[in-house]
Each structure stands twice: as structure tokens, then as C-alpha cells.
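Numbering (mature numbering (1 follows the signal peptide of the UniProt record, and there is no 0)), first residue to last: -16 to -1, 1 to 391. For glycine and all other residues, C-beta sits at the position ideal for the given N, C-alpha and C. One structure below.
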Amino acid sequence: MRSVVALALLATSAAAAPSKGYNTGHGASKLNVQVGDRPYYLVNNMDDGPLKEKLQSCSEGPFKTSNFVVSHRGAALQFPEHTVEGLTAARRQGAGILECDVAFTKDKKLVCRHAQCDLHTTTNILNTTLGAKCTTPFKPAADGQPAEAKCCTSDITQAEFKTLCAKMDGSNPNGTTVEEYMDGTPYFRTDLYATCGTVMTLEEYIKIVDGYGLQFTPELKTPEVPMPFDGYTQEQYAQDLINTFKKHKIHPSRVWAQSFLPADIFYWIKNEPAFGRQAVYLDERVDTPEGYVNATASIPELARRGVKVMAPPFFALTKVNARGKIVPSEYALATKKAGMDIITWSFERSGWLNQGGDYYYQYVRDVINNDGDMYTVLDVLAQQVKIKGLFSDWPATVTYYANCFGL
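So, in C-alpha cells, the structure goes:
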């Protein structure tokens, strides 16, 4: 089993999980942004040409923080997502905007988690006494049926949530024990830094990022329980997110509130216009051909209603033209014509690209064949689509490009 040590450390009772601080500066007064080895690997892997030569010319930096670089769930390629450790890594890698996906607990407090009901794959909850409180407690694989579990932030209180250890997101559907089920980290990630990730509340995230002097992008996660939840309405949920930033006196210009639900975006535009003017509409309608067409057609109306920032997955922003070149898509052109900004997601979630990539490269898969083509696509997004920012699971990759091109 590849992560025996990590799993052994995760197998603690809820009451025993540590509540440690995390030294992010080690006494230094100035941040030294570091990009590590991965950008160099990708550049070396590129096909020869002007873009490769340009990126090679930037090999020695210096590198600095860039608001073009948006940390997606921290630094989730190698660190458990939505943890203090992940945020620390993302900052060190030069991300200027750090994300907290926001979910609510049983006592209606706000915490950082990618989905309301992902605790069974992103934390050690099943290996604690809190596992009994899950919506669906662990059921082992048996008789040809996969293992099953479903644990939601709304199953437990914020105080209980804070006792959990974060792990790399993943599960083994063939697991016959909790330990086997938890051992499901994707092949292109690692458990090396996943011994016990420090989970965060929204307030803790705000304090950390404010201490860094960086910008925020909180995403209001779509509830997976019926709303209202014990009297808690979607509108109150949306308002509570904003109220938390107000409580900490964070200027709206530093906050890029996100949601997949247009009603949340319209709520902020109407009720919190200072925050609503840069609210980010995460657009997953493009996932089907029909949805892509309808989403593209709707952009002028969204602009008329005050939406200023669109954020589709980056595959929707490019296509391959008749000459075999990657160019901006109809969606990208319509968004820019409407005078809207574009932030897109998510770099470094695809593993190897030598088989043409996955979801994020589906419209250009016929013209990519190696990991270095990540930068080929990024260059089109930055220079032709002219995106405002890019979410990445490993911000250093984007930081390298952003610094090279002065973004």
C-alpha cells in the first residue's frame, strides 16, 4: 500500500487531531518566490519554437507574486486541498489570489472545503469517531458492489470539523476497510505532504491571506442538501460569506467572490454591489455542445444584468482552426466583445498530456502530444484570449509564465 505512513498518521481519533500553527515565513521579512523544478521540466518538454525560446530566456527569474496566478484549492497537485500548508505553498509559488471554497457546517458556520459532501475523500473523518455522523457511514466493497461513504460539512459542527486531518482527495472504490478506501490518491499526485493537513474555517483563511497581503477568491459551494437547511436560506448563506469579509474589514477590491449559481451572482450584484462588481460567474454550462452554444448566446444578457467576470473551464476558451492552430473560441470572443473579463480554471489537474489530455484539453486534443503543450495552450489563453487570471493546482507553473511575460 503506497501511503501506509500517511494513513497511519491520519488514523487518529477526532479528539486527538492537532491544532498546530504553521510557520509560513521562517523568520524572513521578505518573500522569495520560488518556482521549483516543474516549470523547467515543462519548458524542456516543449516542441522547439519561439515560445520555448522565450520561456527558456526567463529561466533565472527573478520571480515575483502575480495576480494573474490564482491558487486553486491551495497547491492541490501535491498538498491536501484547502489547508494551511497548501496556501503556504501557493504563496511561496507566487500566487497573488488564493482560493477558499466555502461550505457550511451543521451549526451554519463557514469552512473551506471543495464540496459540501467531500469529507470522506478529503479528510480522515472515516477513521475517527465522527464517521458515525456521516450522511452515509462507510460501507465496504462487497459482492461486486463498490465501497460507499458520504460525509458532509453539514453533518458536523465547525468545532468538530476543526479536529479533522486533511488528506489528498481520492478514494479506492474496491476498499474493504476504511484504510483501503482512503488510499486512493491519483497517480500523478503524492501523499508525501499529506500526513495531516490543517483544515481551515473561512475566518482563518481570511486572516492568513490578509496577513500575506494578497487577494481572495471565495467560492460559495452549491449546497448538496435541500435548502433552506434547518431554516438557513441560500440568500443568507451568500450574505454570510460577504459579511465575514466585512467583519474583517477586507476591502471589496481584494475579493473575487465566485459561484456556479447565477442567482448568487445576481444577489451580490443587487445587495452587495461593492463586492458584486467583480463577482465571478463559474460557467459549467459549456460541458455539453448544446450548453456551450446556449452559454455563448447568453453572454450579452449576462453583461446587461451586471455580470463582469466570466469563468468557464479553459477548454471552452480555445479551439483548433482549419490550419491546425489553437485559437480563441466563439465563447471567448463573445465574452470579450461584451466587455467582460475572463478568469479560467484549472491548470495542473490533468496528469500527463502525451495521450491528448483530458476534460481541460478536449477541444485541442488533436494538436497536443506532450506535457510542454500546457504552455502552448496557456500562451493562447494569455496572449490571444487575454484572460485576466488562471486557476492552477500548482501555481508555480503559471507564475513562471506570468513573470516571463510581465503579467
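query                                                                                                                                                                              : result
Any chance the region 192 to 201 sits against the region 168 to 175, with 3 or more Cβ pairs inside 8 Å?                                                                           : no
Could you tell me whether the Cβ atoms of GLN18 and GLN100 are closer together than 8 Å?                                                                                           : no
If you reduce the DSSP assignment to three classes, tell me which class SER41 lands in.                                                                                            : coil
Within 10 angstroms of its Cβ, does PHE375 collect 16 or more other Cβ (buried), or is it exposed?                                                                                 : buried
Consult DSSP for GLY70 and reduce its assignment to one of helix, strand or coil.                                                                                                  : helix
How would you label MET(-16), buried or exposed, when you count the other beta carbons within 10 angstroms and need 16 or more for buried?                                         : Residue placement at MET(-16) is poorly supported in this model, since its pLDDT is 42, which falls under 50; the coordinates are not used for a value here.
Helix, strand or coil for PRO296? Go by DSSP, reduced to three states.                                                                                                             : coil
Buried or exposed for GLU65, please, with buried defined as at least 16 other CB atoms from any protein chain shown within 10 angstroms of its CB.                                 : buried
For ILE283, I'd like the list of residues in its chain whose CB is within less than 6 Å of its CB, leaving aside the five on either flank, ordered along the chain.                : ALA318, THR319, ALA322
Could you name the residues of the same chain whose beta carbon sits closer than 6 Å to that of SER3, not counting the 5 residues immediately before and after it, in chain order? : With a pLDDT of 38 at SER3, under the threshold of 50, the modelled position of this residue cannot be trusted, and the question is left open.
Identify the continuous alpha helix (DSSP H) that holds TRP252 and give its terminal residues.                                                                                     : 246 to 255
Extract the residue ranges of the alpha helix (DSSP H) inside the region 265 to 294, only unbroken runs of 4 or more that lie entirely within it.                                  : 273 to 288
Do LEU61 and GLU332 come within 8 Å of each other at the CB atom, strictly closer than that value?                                                                                 : yes
Would you grab the beta carbon distance between THR67 and GLY181 for me? Rounded to a whole angstrom, and I think it's under 8 Å.                                                  : 4 Å
Would TYR384 be called buried (16 or more neighbouring beta carbons within 10 Å of its own) or exposed?                                                                            : buried
CA-CA distance, residue 393 and LYS90?                                                                                                                                             : Nothing about residue 393 can be read from this structure; the chain reaches only from -16 to 391.
Taking just the CA atoms, how far does THR107 sit from VAL162?                                                                                                                     : 12 Å
For the beta strand (DSSP E) containing LYS303, name the first residue and the last one.                                                                                           : 302 to 304
Are there 16 or more other CB atoms within 10 angstroms of the CB of GLU274, so buried, or fewer, so exposed?                                                                      : exposed
If distances are taken between C-alpha atoms only, which option among MET324, TYR177, ALA178 comes closest to ILE371?                                                              : MET324
Three or more beta-carbon pairs under 8 Å between the region 290 to 310 and the region 341 to 356, yes or no?                                                                      : yes
Name the DSSP bridge partner or partners of GLN242?                                                                                                                                : GLU203, VAL264
Just checking, does the region 148 to 159 make contact with the region 40 to 51 on the three C-beta pairs under 8 Å criterion?                                                     : no
If you run the structure through DSSP and keep just helix, strand and coil, what is PHE375?                                                                                        : strand
Going along the chain, which residues of its own chain have a beta-carbon closer than 6 Å to the beta-carbon of ALA79, five neighbours each way excluded?                          : VAL53, SER55, PRO379
Given a threshold of 16 other Cβ atoms within 10 Å of its Cβ, counted over all protein chains shown, does GLU254 qualify as buried or as exposed?                                  : Looking at the sequence itself, residue 254 is Lys, so the reference to Glu does not match. LYS254 should be labelled exposed.
Report the rounded CA-to-CA distance for ASN227 versus ASP248, giving the unit in angstroms.                                                                                       : 14 Å
Report back the beta-carbon spacing between LEU94 and ASP355 to the nearest angstrom; my notes put them in contact at under 8 Å.                                                   : No, LEU94 and ASP355 are not in contact; Cβ-Cβ is about 37 Å, not under 8 Å.
For THR182, which of helix, strand or coil comes out of DSSP?                                                                                                                      : strand
Taking ARG97 as the reference, give the member of CYS118, THR112, CYS136, ALA125 with the closest Cα.                                                                              : CYS136
Using C-beta distances below 8 Å, list every residue in its chain close to LEU204, excluding the 5 sequence neighbours before and after it, in chain order.                        : VAL86, TYR221, ALA222, LEU225, ALA241, GLN242, SER243, LEU245, ASP248
Considering only their Cβ atoms, is the gap separating VAL239 from PHE229 smaller than 8 Å?                                                                                        : yes
With DSSP run on the structure shown, which of helix, strand or coil describes THR228?                                                                                             : helix
By Cβ distance, which residues of its chain are closer than 6 Å to ARG75, with the 5 residues on each side in sequence left out?                                                   : TYR196
Identify which residue in VAL264, THR217, PRO121, PHE299 has its Cα closest to the Cα of TYR343.                                                                                   : PHE299
May I have the straight-line CA-CA distance separating LEU391 from ASP377, to the nearest angstrom?                                                                                : 19 Å
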